[in-house]
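S.K.: Here's a structure for you.
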Amino acid sequence: MKKTLSMLLAGAMLATALTGCGGSASSSSDSQNSGSDSTASGTAFKIGGTGPLTGAAAIYGNACKNGAQIAVDEINAEGGDIQFELNYQDDEHDAEKAVNAYNTLKDWGMQLSLGSVTSKPCEATAAENYSDRIFALTPSASTVAVTADKDNVFQMCFVDPNQGTASAQYIAEQKLGTKVAIIWKNDDVYSTGIHDKFVEEAKTKGLQVVSDNTFTDASANDFSVQLNDAKSKGADLVFLPMYYQPASLILTQANSMGYKPKFFGVDGMDGILTMEGFDPKLAEGVMLLTPFNADATDEKTVSFVKKYKEQFGETPNQFAADAYDCVYAYKQALENAGATPDMSAEDLCDKMIEQFTSMTFDGLTGEGMTWDETGAVSKSPKGMVIENGAYVGM
Amino acid sequence: MNKLKSYAASKRGRDTLLCFGIVIIAYIIVQAAIAGGGISSQIKGLLVPICAYVVMAISLNLTVGILGELSLGHAGFMSVGAFAGIVTTTCLADAIPLAPLRLAVAMVVAGLFAAIAGVIVGVPVLRLKGDYLAIVTLAFGEIIKNIVNVMYLGLDDAGLHFSLVNQNFQLGDGGKMIINGPIGVSGVTKLSTFTSGVVLILVTLFFVLNFVNSRTGRAVMAVRDNKIAADSIGISTSHYKLLAFVVSAAFAGMAGTLYAMNFSTVTAAKFDFNTSILVLVFVVLGGLGNIWGSIIAATLLTLLPELLRGLSNYRMLIYAILLIAMMLFNNSSFKVRLLEKRAMRQMEKAEKAGGKKEGA
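Residue numbers (numbering that gives the first Met the number 0), protein chains in the order written: chain A, 0 to 393; chain B, 0 to 359.
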């Protein structure tokens with residue numbers, strides 16, 4: 000038994016080691032300077048964030064880290080009064096590790112926090128933020144529980160339920176369809192949150208939900224039942240509140256059974272065009288609501304995308320843009336408040352709460368963003384449609 | 000005094016004193032450091048998780064080390080305990096305002112629930128041996144995870160509401176969702192403290208060590224060493240197997256409560272296969288059947304990845320390499336030689352002491 004056991008454990012460890020490697024490989028060039036690009040300490044505001052830099056969710060964590068890094072580098076290069084020092088710590092998409100990472104950042108002297116990248120870890124760190132009075136602005140943790148009952152935790156992304164409401168409104172206002180089918184993942188926080196609000200809003204907007212079907216992690220490899228149900232009930236629009244991996248399969252299967260309704264996605268759909276093994280032609284005509292579009296032609300986006308590609312060799316996604324906006328939102332708020340880097344985290348926290356609830360911010364992911372007292376952002380989502388393999392605003 | 004000395008000289012006595020000694024001394028040192036302010040918030044945040052993992056390691060050692068059955072689903076019991084504990088503390092929030100007492104009650108309830116789960120799994124499963132048992136316990140851990148993932152539990156004035164797969168109930172005014180399906184638990188009032196963690200470790204140690212050194216414990220070890228021989232002298236093997244397994248499950252449940260009440264949010268996904276393996280690594284590294292070894296291994300391996308943060312992205316790689324190195328050392332002839340040398344020295348000492356006595 001001992002031998003089996005040692006073999007088993009050796010195997011498990013090897014797996015751990017390999018995931019570790021995978022994560023660090025994908026984060027590419029900047030792995031050495033992840034600690035801090037410090038311009039003289041003590042004269043810069045210390046911003047800390049946690050996110051999954053290794054493991055299965057590493058793509059999101061690294062995107063945020065890279066996006067924030069670009070913003071910090073730009074601001075520091077300008078040489079204005081506000082200088083930043085950035086420190087991203089790995090939380091492996093785990094609430095326990097996120098709290099550890101948060102405590103490490105606290106020891107480092109973090110004055111402003113970027114919360115955590117993913118929702119559950121961010122809920123755990125947000126509770127710490129609240130009790131320690133360190134202000135947090137999370138780029139991408141989107142559940143309501145992150146900001147609930149905490150006056151100093153704010154979000155840069157839409158809250159999940161808001162996406163559902165916004166999608167239903169958009170579909171009704173643009174008259175994209177009247178009979179809607181929904182396919183959603185009921186063991187997933189993100190999908191469940193959007194679905195529930197969508198159904199609620201659809202009722203008030205006079206949309207008819209004719210088919211409402213679920214899948215889980217385990218059954219995410221065949222959607223013929225759900226699609227047939229939608230088809231037989233005559234749905235002219237299929238709403239897909241999910242990430243792009245299952246969505247790609249739905250599009251493929253719908254195509255092979257010759258079912259051609261309109262497909263409508265949410266921001267998790269972002270990434271489908273660059274997915275390996277997926278024919279982008281199938282995504283033609285798919286509509287999605289997303290706050291960021293890497294193909295946009297405005298000056299800010301173009302320069303950000305160019306820099307990101309140069310430094311990290313890939314096209315930035317929505318997460319990177321959100322993190323970039325977070326750093327600039329901090330800059331604007333600090334300038335307005337006249338804050339100086341020698342202020343304590345607690346003093347900064349009060350000033351930031353005051354600023355964020357009153358200021359308007361223009362960033363990559365939206366113009367004229369405002370925050371309410373709960374910490375949720377209000378910005379208008381951009382409706383995009385995929386044409387000739389690229390997003391086009393609609 | 001002499002009695003204590005001779006107790007300490009026996010292997011059993013030495014192990015017992017060592018276990019309690021490590022925990023109490025560590026507690027005093029940490030409390031002194033907290034009072035003196037010489038402790039980073041990083042370490043402070045790790046204290047309760049370490050306590051929870053130590054209890055997990057001790058309890059799993061009972062199954063793997065003392066009973067000799069490989070269990071890969073220990074995190075499943077932790078999960079049962081964690082969620083049972085959360086539900087209990089939430090329901091009793093008004094009835095018992097005193098936090099430590101509420102935590103203690105929650106732990107007892109969690110222990111009971113985990114023990115029930117232990118019986119349910121143990122009765123059919125303990126008829127299996129070796130790898131088969133490992134696989135079934137692994138499956139059990141996954142089942143628990145998936146059940147909690149589709150469980151909806153809410154509390155309002157009318158009492159507890161429960162449904163599976165879809166939320167089929169509406170909460171009245173002032174109602175609160177406790178377990179919200181895949182979203183898990185949010186907004187837990189943290190009750191766990193380092194002191195409560197250490198108390199739980201001490202209780203676990205007291206119980207487990209007495210269990211191991213009792214008639215029952217010797218029967219369990221007899222079953223481990225030779226089932227046929229144990230059968231032949233009239234020991235009811237399945238009875239003792241189940242007993243050890245259920246005790247182990249109960250303490251894992253209590254550790255689960257301690258762990259869950261330290262974070263503001265908990266999901267079922269946390270208690271997956273990886274957590275089971277992690278605890279198993281503690282046990283194997285500390286030595287099968289060696290309780291104080293488990294305590295040290297659990298502490299060390301929980302601290303290690305955090306202390307390696309300075310290495311940035313390489314830390315998980317270094318952590319894994321260190322683990323492999325430690326495992327190799329544990330099984331190496333080098334360690335055997337070291338142990339032999341120590342035994343020789345002790346024998347020499349004993350001889351000398353014996354000689355003196357005779358001379359006098």
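Think of the CB as a built atom: it goes at the ideal place given N, C-alpha and C, for glycine as much as any other residue.
With 16 other CB atoms within 10 Å as the buried threshold, where does A/Thr142 fall?
M.R.: By the neighbour-count rule (16 or more Cβ atoms within 10 Å), A/Thr142 is buried.
S.K.: Report the neighbours of B/Lys269 on chain A: residues whose CB is nearer than 8 angstroms to its CB, in chain order.
M.R.: Correct list: Asp93, Ala94, Glu95.
S.K.: Per the DSSP calculation, A/Ser377 is bridged to which residue(s)?
M.R.: In DSSP, A/Ser377 forms a bridge with A/Thr369.
S.K.: Does the CB of B/Gly186 have a neighbour CB from chain A at under 8 angstroms?
M.R.: It does: the Cβ of B/Gly186 has a partner Cβ on chain A nearer than 8 angstroms.
S.K.: On a CA-only basis, which of A/Leu250, A/Thr164, A/Leu236, A/Lys96 is nearest A/Lys174? Give me that one, please.
M.R.: Checking every option, the nearest Cα to that of A/Lys174 belongs to A/Leu236.
S.K.: Taking CB distances under 8 angstroms as the criterion, tell me whether B/Gly173 reaches chain A.
M.R.: B/Gly173 does not count as touching chain A.
S.K.: Quick one: grab the DSSP three-state call for A/Asp195.
M.R.: Residue state, collapsed to three classes: helix.
S.K.: Residues of chain A with a CB under 7 angstroms from the CB of B/Asn167: which are they?
M.R.: The contacting residues do not exist; B/Asn167 stays about 13 angstroms from chain A at best.
S.K.: Have a look at A/Asn335, A/Asn316, A/Asp150, A/Tyr59 and flag the residue whose alpha-carbon is nearest the alpha-carbon of A/Ala293.
M.R.: Of the candidates A/Asn335, A/Asn316, A/Asp150, A/Tyr59, the one whose C-alpha sits nearest the C-alpha of A/Ala293 is A/Asn316.
S.K.: Taking Cβ-Cβ distances shorter than 9 angstroms, what residues in chain B pair up with A/Ala328?
M.R.: Residues of chain B passing the Cβ test: none, with the nearest at roughly 25 angstroms.
S.K.: Is it buried or exposed, A/Ser130, if we count other Cβ atoms within 10 angstroms and call 16 or more buried?
M.R.: Counting Cβ neighbours within 10 Å, A/Ser130 comes out exposed, since fewer than 16 surround it.
S.K.: Span of the alpha helix (DSSP H) holding B/Ala324?
M.R.: That run of the alpha helix (DSSP H) goes 314-329.
S.K.: Give me the chain A residues within the contact set of B/Gln41, using Cβ-Cβ distance strictly less than 8 angstroms, ordered along the chain.
M.R.: Per Cβ cutoff of 8 angstroms: Asn99, Asn102, Thr103, Lys105, Asp106.
S.K.: Excluding sequence positions up to five away, which residues of its chain have a Cβ less than 6 angstroms from the Cβ of A/Val391?
M.R.: Closer than 6 angstroms at the Cβ level, and outside the excluded window around A/Val391, lie Val384.
S.K.: When the Cα atoms are used, what is the spatial distance from B/Met325 to B/Ser275?
M.R.: Near 19 angstroms, if we compare the C-alpha coordinates of B/Ser275 and B/Met325.
S.K.: Taking a cut of 7 angstroms between CB atoms, which residues from the stretch 282-309 of chain B lie near chain A?
M.R.: Correct list: Val283, Glu305, Arg308.
S.K.: Near B/Leu154, what residues of its chain come up, given a Cβ to Cβ distance below 7 angstroms and the 5 sequence neighbours on each side ignored?
M.R.: Result list for B/Leu154: Thr89, Cys90, Gly174, Lys175, Ile177, in chain order.
S.K.: What's the call for B/Lys295, buried or exposed, on a 16-neighbour Cβ count within 10 Å?
M.R.: Per the sequence shown, the amino acid found at residue 295 of chain B is Ile instead of Lys. It is buried - the Cβ of B/Ile295 has at least 16 other Cβ atoms within 10 Å.
S.K.: Can you give me the start and stop residues for the alpha helix (DSSP H) that A/Glu73 sits inside?
M.R.: Its alpha helix (DSSP H) spans residues 57-77.
S.K.: I want to verify the contact list: residues of chain A whose CB lies under 7 angstroms from the CB of B/Ser263, in sequence order.
M.R.: Within 7 angstroms Cβ-Cβ: Glu122, Ala123, Ala126.
S.K.: List, in order along the chain, the chain A residues whose C-beta lies closer than 7 angstroms to that of B/Thr62?
M.R.: Here the premise fails: no neighbours, minimum Cβ distance about 13 angstroms.
S.K.: Can you list, in chain order, the stretches of the alpha helix (DSSP H) that have 4 or more residues and sit fully within the stretch 4-68 of chain B?
M.R.: Here the runs fully enclosed are 10-35, 40-60.
S.K.: Confirm, please, whether the CB-CB distance from A/Tyr329 to A/Leu52 is below 8 angstroms.
M.R.: Taking 8 angstroms as the Cβ cut-off, A/Leu52 and A/Tyr329 do not qualify as a contacting pair.
S.K.: Just to confirm the assignment: which complete beta strand (DSSP E) runs, minimum length 3, are found wholly within the stretch 160-244 of chain B?
M.R.: With a minimum length of 3 residues, the continuous beta strand (DSSP E) runs that stay inside the stretch 160-244 of chain B are 175-179.
S.K.: Looking at C-alpha atoms only, which residue of B/Ala218, B/Met77, B/Ser78, B/Val104 is the closest neighbour of B/Thr87?
M.R.: The candidate whose alpha carbon is nearest that of B/Thr87 is B/Val104.
S.K.: Looking only at DSSP bridge pairs, what is A/Asp395 linked to?
M.R.: A query on residue 395 of chain A cannot be resolved here, the shown segment of chain A reaching from 0 to 393 and no further.
S.K.: Please classify A/Met109 as buried or exposed, where buried requires at least 16 neighbouring CB atoms within 10 angstroms.
M.R.: Counting Cβ neighbours within 10 Å, A/Met109 comes out buried, since at least 16 surround it.
S.K.: If you measure beta-carbon to beta-carbon, which residues of the stretch 134-159 of chain A are closer than 8 angstroms to chain B?
M.R.: Answer in chain order: Thr142, Ala144, Ala147, Asp148.
S.K.: In the stretch 202-222 of chain A, which residues sit with their C-beta less than 8 angstroms from some C-beta in chain B, listed in chain order?
M.R.: Answer set for the stretch 202-222 of chain A: empty.
S.K.: Any idea if B/Ala352 is buried or exposed, counting beta-carbon neighbours within 10 angstroms, 16 or more meaning buried?
M.R.: Under this definition B/Ala352 is an exposed residue.
S.K.: Would a check of beta-carbon distances place A/Thr191 closer than 8 angstroms to chain B?
M.R.: A/Thr191 counts as touching chain B.
S.K.: Given a threshold of 16 other Cβ atoms within 10 Å of its Cβ, counted over all protein chains shown, does A/Ser28 qualify as buried or as exposed?
M.R.: Residue confidence is low: A/Ser28 scores 35 on pLDDT, short of 50, so the model does not pin down where it sits. Its coordinate-derived value is still stated next. Flag for A/Ser28 reads exposed.
S.K.: Could you work out which residues of chain B lie near A/Asp187, taking near to mean beta carbons separated by less than 9 angstroms?
M.R.: Those within 9 angstroms of A/Asp187 in chain B are Pro181.
S.K.: Name the chain A residues that come within less than 7 angstroms of B/Thr266, Cβ to Cβ?
M.R.: Chain A residues near B/Thr266: Lys119.
S.K.: With a Cβ-Cβ cutoff of 8 angstroms, do B/Val147 and B/Ser70 count as a contact?
M.R.: It is not a contact, given that the beta carbons lie outside the stated cut-off.
S.K.: DSSP three-state label for B/Glu305, please.
M.R.: Helix, per DSSP.
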